[in-house]
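A.B. asks: I have a structure here, written as structure tokens, and I will follow up with some questions on it.
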Amino acid sequence: MKKSILLLTAVASLALASCQNFKKGEGGLEYKFLKDNGGEKAVGGDVIAMDIVVKTDRDSLLASTYDLGLPQIAPIMPDSLMQQAGAYPGDNNTILKMLGEGDSAVFKLNLDTMAARTGQPKPEFADKYIEYTIKVKKLFKRGNLTDSALFEQVNQYYLAQMEGLKKAEEGKIASYIEKNKLQPKKTASGLQYVIKEEGKGANPVIGDTVVINYTGALTNGKIFDTNDVELAKKNNKFNAMRPYEPLRVRVGHTPVIPGWTEGLQLLKKGSKATLIIPSALGYGERQQQSEIPAYAPLVFDVEIVDIIAGPKGEPAAPTMPQMQIPGQVPAQAPVN
Numbered sequence: 001m002k003k004s005i006l007l008l009t010a011v012a013s014l015a016l017a018s019c020q021n022f023k024k025g026e027g028g029l030e031y032k033f034l035k036d037n038g039g040e041k042a043v044g045g046d047v048i049a050m051d052i053v054v055k056t057d058r059d060s061l062l063a064s065t066y067d068l069g070l071p072q073i074a075p076i077m078p079d080s081l082m083q084q085a086g087a088y089p090g091d092n093n094t095i096l097k098m099l100g101e102g103d104s105a106v107f108k109l110n111l112d113t114m115a116a117r118t119g120q121p122k123p124e125f126a127d128k129y130i131e132y133t134i135k136v137k138k139l140f141k142r143g144n145l146t147d148s149a150l151f152e153q154v155n156q157y158y159l160a161q162m163e164g165l166k167k168a169e170e171g172k173i174a175s176y177i178e179k180n181k182l183q184p185k186k187t188a189s190g191l192q193y194v195i196k197e198e199g200k201g202a203n204p205v206i207g208d209t210v211v212i213n214y215t216g217a218l219t220n221g222k223i224f225d226t227n228d229v230e231l232a233k234k235n236n237k238f239n240a241m242r243p244y245e246p247l248r249v250r251v252g253h254t255p256v257i258p259g260w261t262e263g264l265q266l267l268k269k270g271s272k273a274t275l276i277i278p279s280a281l282g283y284g285e286r287q288q289q290s291e292i293p294a295y296a297p298l299v300f301d302v303e304i305v306d307i308i309a310g311p312k313g314e315p316a317a318p319t320m321p322q323m324q325i326p327g328q329v330p331a332q333a334p335v336n
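The structure is reproduced here in structure tokens:
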């Protein structure tokens with residue numbers, strides 16, 4: 001019993017110490033440096049490239065650059081524009097100006113101060129604060145640089161980050177296949193697929209409507225969309241504004257990514273399959289909101305519920321660059 005009391009006392013002391021690590025700043029801002037690299041801090045006009053995780057005080061994740069594999073690029077507001085833009089001490093701009101290259105810190109943005117200073121209501125998804133955990137990867141100092149010179153530095157850095165994602169794609173696909181012990185077939189386009197249950201009848205062709213159940217995920221297993229209501233709730237993807245029912249795709253006409261147009265034609269009614277879609281057949285270099293990174297291979301588990309024959313001889317619509325599925329809704333995160 002005595003040991004239990006001592007243990008609880010130690011835990012309580014650690015928790016208290018953790019809370020006390022946060023310092024008070026202007027406007028109710030609280031902050032705690034995890035690492036202070038001792039370098040020059042950002043000033044108005046500079047640009048920061050940072051990894052950032054945004055959470056509420058209810059411990060709900062709002063956004064994370066780690067999911068996308070790309071840093072957030074954030075310009076620091078010049079002092080001359082702060083009043084005009086409605087900036088105030090203790091806001092996002094204040095946070096960024098406390099950081100330098102190599103620094104990492106946790107900030108709690110006070111929502112009561114934000115509401116009072118901006119005249120905007122507090123967000124419904126948080127109570128007292130929003131927490132930012134930031135790691136500065138690169139600080140671009142404006143100094144005497146022109147706008148174009150500064151932009152060129154930032155752009156070259158961003159392009160290098162994108163190239164890194166592009167080079168990593170093949171490894172992500174290989175790792176996914178190895179981890180899940182799959183032996184997929186591969187088409188000439190690069191699409192890979194595994195038929196888990198073979199259906200019956202004819203394959204769909206251009207113009208047919210395919211009725212499907214589906215779940216879309218990244219190769220790391222993170223689900224970004226599904227029409228399975230229970231799976232959506234389990235993975236915090238539930239959207240009360242959408243129907244959770246089989247999706248109808250008219251092959252060659254419904255605007256979907258090329259990987260779906262090709263993959264659905266490989267499957268008969270009743271088939272269950274996994275489609276491994278390289279980014280060239282998906283979204284390519286285009287990041288899709290906060291869910292799908294650039295150069296992201298996609299994994300879809302699909303079930304062909306029905307195939308409805310369409311009019312024959314009708315030409316296909318032009319290939320559409322985006323996939324319009326009901327689960328994709330804009331993700332909003334209060335980052336600078």
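Following this note's numbering, the numbering of the sequence shown begins with 1 at its first residue and continues without gaps. Using N, Cα and C, we set each Cβ at its ideal position, and we do this for glycine too.
CB-CB under 7 Å to residue 325, same chain, minus the five flanking residues each way: which ones, in chain order?
C.D. replies: Position 325 of the sequence shown, counted from the first residue, corresponds to residue 325. The pLDDT assigned to residue 325 is 42, lower than 50, so where the model puts this residue is not dependable, and the model offers no usable value.
A.B. asks: Residues in its own chain within less than 8 Å of residue 65 by CB, not counting five upstream and five downstream?
C.D. replies: Along the sequence shown, one-based indexing puts residue 65 at 65. The residues are 50, 51, 52, 53, 71 and 72.
A.B. asks: At which residues does the alpha helix (DSSP H) containing residue 156 begin and terminate?
C.D. replies: Reading the sequence shown from its first residue, position 156 is the one you call residue 156. Start and end: 147 to 179.
A.B. asks: Determine the extent of the beta strand (DSSP E) in which residue 135 is found, giving its start and end residues.
C.D. replies: Reading the sequence shown from its first residue, position 135 is the one you call residue 135. Here the beta strand (DSSP E) through residue 135 covers 129 to 140.
A.B. asks: DSSP state of residue 205, grouped into three classes?
C.D. replies: For the purposes of this step, residue 205 is taken as the residue at position 205 of the sequence shown. It is coil, neither helix nor strand.
A.B. asks: Skipping 5 residues on each side, what residues in its chain have a beta carbon closer than 6 Å to that of residue 301?
C.D. replies: For this step, residue 301 is matched to residue 301 along the sequence shown. Cβ within range, chain order: 215 and 274.
A.B. asks: Helix, strand or coil for residue 16? Go by DSSP, reduced to three states.
C.D. replies: Here residue 16 refers to the residue found at position 16 when the sequence shown is read from its first residue. Summary for residue 16: the model assigns pLDDT 45, below 50, so the residue's position carries little reliability; its value from the coordinates is reported in the next sentence. Of the three classes helix, strand and coil, the one that applies to residue 16 here is helix, per DSSP.
A.B. asks: If you measure between the beta carbons of residue 209 and residue 130, is that distance less than 8 Å?
C.D. replies: The residue you call residue 209 lines up with position 209 of the sequence shown. The residue you call residue 130 lines up with position 130 of the sequence shown. No, the Cβ-Cβ distance between residue 209 and residue 130 is not below 8 Å.
A.B. asks: Under a three-way DSSP split, which group does residue 226 fall into?
C.D. replies: The residue you call residue 226 lines up with position 226 of the sequence shown. Residue 226 falls in the strand class under three-state DSSP.
A.B. asks: For residue 74 and residue 250, what's the separation of their Cα atoms in angstroms?
C.D. replies: Locating residue 74 in the sequence shown gives position 74, where the first residue counts as 1. Locating residue 250 in the sequence shown gives position 250, where the first residue counts as 1. When rounded, the distance between both Cα atoms is 41 Å.
A.B. asks: Please determine if the region 224 to 240 and the region 264 to 278 are in contact, where contact requires at least 3 C-beta pairs separated by less than 8 Å.
C.D. replies: Not touching, per the Cβ criterion.
A.B. asks: In whole angstroms, what is the alpha-carbon distance linking residue 33 and residue 96?
C.D. replies: Taking the first residue of the sequence shown as 1, we reach residue 33 at position 33. Taking the first residue of the sequence shown as 1, we reach residue 96 at position 96. Rounded to the nearest angstrom, the two C-alpha atoms are 13 Å apart.
A.B. asks: Can you give me the C-alpha to C-alpha distance between residue 207 and residue 265, rounded to a whole angstrom?
C.D. replies: As a working note, residue 207 is residue 207 in the sequence shown. As a working note, residue 265 is residue 265 in the sequence shown. Distance between the alpha carbons of residue 207 and residue 265: 11 Å.
A.B. asks: Taking the alpha carbon of residue 219 as the point to measure from, which residue in 184, 200, 171 and 128 has its own alpha carbon closest?
C.D. replies: On the sequence shown, residue 219 is found 219 positions in, with the first residue counted as 1. Looking at the Cα atoms, 171 is the closest of the given residues.
A.B. asks: Buried or exposed: where does residue 144 fall if 16 or more other Cβ atoms within 10 Å of its Cβ makes it buried?
C.D. replies: The count along the sequence shown starts at 1 and reaches residue 144 at position 144. So residue 144 counts as exposed.
A.B. asks: In the DSSP output, what is residue 72 paired with across the bridge?
C.D. replies: By one-based count along the sequence shown, residue 72 stands at place 72. DSSP output for residue 72 lists 50 as bridge partner(s).
A.B. asks: Residue 128 and residue 202: beta carbons closer than 8 Å?
C.D. replies: As a working note, residue 128 is residue 128 in the sequence shown. As a working note, residue 202 is residue 202 in the sequence shown. Not in contact: residue 128 and residue 202 (Cβ atoms no closer than 8 Å).
A.B. asks: Which residues mark the beginning and the end of the beta strand (DSSP E) in which residue 21 is found?
C.D. replies: Residue mapping note: residue 21 aligns to position 21 of the sequence shown, counting from 1. Counting along the chain, residue 21 falls outside any beta strand (DSSP E), and DSSP gives it neither H nor E.
A.B. asks: Exposed or buried, residue 197, counting other C-beta atoms within 10 Å across all chains shown (16 or more means buried)?
C.D. replies: For the purposes of this step, residue 197 is identified with residue 197 of the sequence shown, where counting begins at 1. So residue 197 counts as exposed.
A.B. asks: Could you check which residue in 227, 185, 292 and 310 has the C-alpha nearest to that of residue 252?
C.D. replies: Here residue 252 corresponds to residue number 252 of the sequence shown, with the count starting at 1. Nearest C-alpha to residue 252: 310.
A.B. asks: Leaving out five residues before and five after residue 154 in sequence, what residues of the same chain have Cβ atoms less than 7 Å from its Cβ?
C.D. replies: Here residue 154 corresponds to residue number 154 of the sequence shown, with the count starting at 1. For residue 154, where only same-chain residues beyond five positions count, the Cβ hits under 7 Å are 47, 73 and 140.
A.B. asks: Would the region 158 to 167 and the region 290 to 308 be scored as touching if the rule is three or more Cβ pairs under 8 Å?
C.D. replies: The answer is yes - the region 290 to 308 touches the region 158 to 167, with three or more Cβ pairs under 8 Å.
A.B. asks: Helix, strand or coil, according to DSSP, for residue 26 in the structure here?
C.D. replies: Within the sequence shown, numbered from 1, the residue matching residue 26 stands at position 26. Helix, per DSSP.
A.B. asks: To the nearest angstrom, how far is the alpha carbon of residue 168 from that of residue 174?
C.D. replies: What you label residue 168 is simply residue 168 of the sequence shown in a count that begins at 1. What you label residue 174 is simply residue 174 of the sequence shown in a count that begins at 1. Each residue's alpha carbon lies about 10 Å from the other.
A.B. asks: Residue range of the beta strand (DSSP E) that residue 61 falls in?
C.D. replies: In the sequence shown, residue 61 corresponds to position 61, counting from 1. Per DSSP, residue 61 belongs to the beta strand (DSSP E) from 61 to 64.
A.B. asks: In the DSSP assignment, the beta strand (DSSP E) including residue 110 goes from what residue to what residue?
C.D. replies: Here the question's residue 110 lines up with position 110 in the sequence shown. It spans 104 to 110 - the beta strand (DSSP E) in which residue 110 sits, taken as one unbroken run.
A.B. asks: In three-state DSSP terms, what is residue 254?
C.D. replies: The sequence position of residue 254 within the sequence shown is 254, counting from 1. Coil.
A.B. asks: Could you tell me whether the Cβ atoms of residue 90 and residue 118 are closer together than 8 Å?
C.D. replies: As a working mapping, residue 90 is identified with position 90 in the sequence shown. As a working mapping, residue 118 is identified with position 118 in the sequence shown. No, these two residues do not count as a Cβ contact at 8 Å.
A.B. asks: Drop a sphere of 10 angstroms on the beta-carbon of residue 21, count the other beta-carbons inside from all chains shown, and report buried for 16 or more, exposed for fewer.
C.D. replies: Position 21 of the sequence shown, counting from 1, holds the residue named residue 21. Answer is exposed; the Cβ neighbour count stays below 16.
A.B. asks: Just mark residue 192 as buried or exposed, buried being the case when its beta carbon has 16 or more other beta carbons within 10 Å.
C.D. replies: As a first step, residue 192 must be located in the sequence shown, where it is residue number 192. Label assigned to residue 192: buried.
A.B. asks: Taking a contact to mean a Cβ-Cβ separation below 8 Å, would you say residue 92 touches residue 109 in this structure?
C.D. replies: The residue you call residue 92 lines up with position 92 of the sequence shown. The residue you call residue 109 lines up with position 109 of the sequence shown. Yes; because the gap between Cβ atoms is below 8 Å, this pair is in contact.
A.B. asks: Could you give the DSSP three-state label for residue 210: helix, strand or coil?
C.D. replies: Counting from one through the sequence shown, the residue named residue 210 turns up at place 210. Three-state result, residue 210: strand.
A.B. asks: Is the beta carbon of residue 298 sitting closer than 8 Å to the one on residue 263?
C.D. replies: In the sequence shown, counting from the first residue as 1, residue 298 sits at position 298. In the sequence shown, counting from the first residue as 1, residue 263 sits at position 263. Not closer than 8 Å, so no.
A.B. asks: Whose C-alpha, out of 283, 115 and 102, is nearest the C-alpha of residue 40?
C.D. replies: Position 40 of the sequence shown, counting from 1, holds the residue named residue 40. That would be 102, whose Cα lies nearest to the Cα of residue 40.
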